[in-house]
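Below: one structure, written as structure tokens.
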Amino acid sequence: MDQFQAIINDVCELVRRHAHPRRNTIAVSQEVAALLDAIKTSDTASRLDDLSKQVAGCTKCELSKGRTQTVFGTGNTRAELVFVGEGPGAEEDRQGIPFVGDAGQMLTSIIERGIKVKREDVYICNVVKCRPPGNRNPKPDEMAACEPYLFQQLELIRPKVICALGATAASCLLRLPEARVGQLRGKWHWYKDIPVRVTYHPSYLVRQKNEPDKLQDAKAKVWADIRAVIRVLNGEEPPEP
Ligand code: SF4
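For what it's worth, our numbering labels the leading residue of the sequence shown as 233, then goes sequentially.
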């Protein structure tokens, strides 16, 4: 059954990519494409739901002891764009939703005012699903324990592009233990066959709010990275692996 579903998923993906009113690359109507897409959408949503329930009971690392609840991810399960952050903060731990504090408002502004799509149209998640105490960075063993969940999320959603928010997400996705945003941003990287753009975590922007020059500089860099993401979403910049 799993193998059958995998074939269906691959066919759906192929059809979704090629069904276009002005292209004759593949001979299916848009109605058939929509039908096949709906099959996959429902399967993806249901598998993500199953994974979310598994994560909710996870005790694979020490972070499970301090959490109020796990913070799995939110948004469109067929999103073309996935944002990956570091881990939940206090407000996220309380609400069970990623990026809902000050940094979350900043990210929402980037999505809705910058990319000009609704927050619900993208998918947002973190490397670790439980709150690190005192908002410290997740430790390597905690990331190693939790990252298989992120990888399964990405495998199910299969976005067109990933935006890694901050060094922890970049380190996890690009397998670079010493990742530094300043060195990685401004160019394309790859997670399997998916292009990855690294940019500053919104909390970095929030921390610069009392230093206007630094804030302006960081905002300009984030906006340059987001513009590159938009170009890929628009099919204007297909980066080569
Ligand atoms: S952080 Fe991840 S691996 Fe650790 S307990 Fe939470 S869900 Fe499990």
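Each residue gets a CB set at the ideal place from its N, CA and C atoms; glycine is no exception.
Take residue i and list the residues in its own chain whose beta-carbon comes closer than 6 Å to its own, dropping the five residues that flank it on each side.
i	result
L406	H421
K292	A377
F331	L339, I356
P370	G319, V360, P364
State buried or exposed for residue i, treating a residue as buried only when at least 16 other CB atoms are found within 10 Å of its CB.
i	result
L313	buried
V264	exposed
Q262	exposed
S403	buried
Q337	exposed
R310	buried
G363	According to the sequence displayed, residue 363 carries Arg and not Gly. R363 should be labelled buried.
N442	exposed
G289	exposed
A396	buried
G414	exposed
A411	buried
Look at the alpha carbon of residue i and the alpha carbon of residue j, and state the distance between them as a whole number of angstroms.
i	j	result
N241	M375	29 Å
V454	R429	10 Å
Y436	L267	42 Å
G298	D445	37 Å
E379	V287	11 Å
G328	P427	28 Å
K361	G467	32 Å
G366	V316	20 Å
K419	K350	25 Å
R417	D457	7 Å
G307	V438	23 Å
R459	D282	34 Å
E469	R345	21 Å
P434	A335	5 Å
T400	S274	31 Å
G398	A450	12 Å
T276	V359	20 Å
D425	I389	13 Å
For residue i, list the residues DSSP reports as bridge partners.
i	result
A396	V316, V430
A307	According to the sequence provided, residue 307 is Gly. The question's Ala does not apply to it. G307 is bridged to Y355.
W422	P427
Among the residues of its own chain, which have a CB less than 7 Å from the CB of residue i, if the five just before and after it don't count?
i	result
S284	F304
T300	D325, R326
I343	V349, R351, V354
S296	C290, C362
Excluding the five sequence neighbours on either side, which residues of its own chain have a C-beta within less than 8 Å of the C-beta of residue i, listed in chain order?
i	result
P372	P409
Y423	L386, I394, L405, L406
R463	E469
F383	none
Would you say residue i reaches chain D, if we count a Cβ-Cβ gap shorter than 8 Å as a contact?
i	result
A311	You won't find chain D in this structure, because it holds only one protein chain.
For the ligand SF4, which residues have a Cβ under 6 Å from at least one heavy atom, in chain order?
V287, C290, T291, K292, C293, L295, S296, T302, V360, K361, C362, E374, A377, C378
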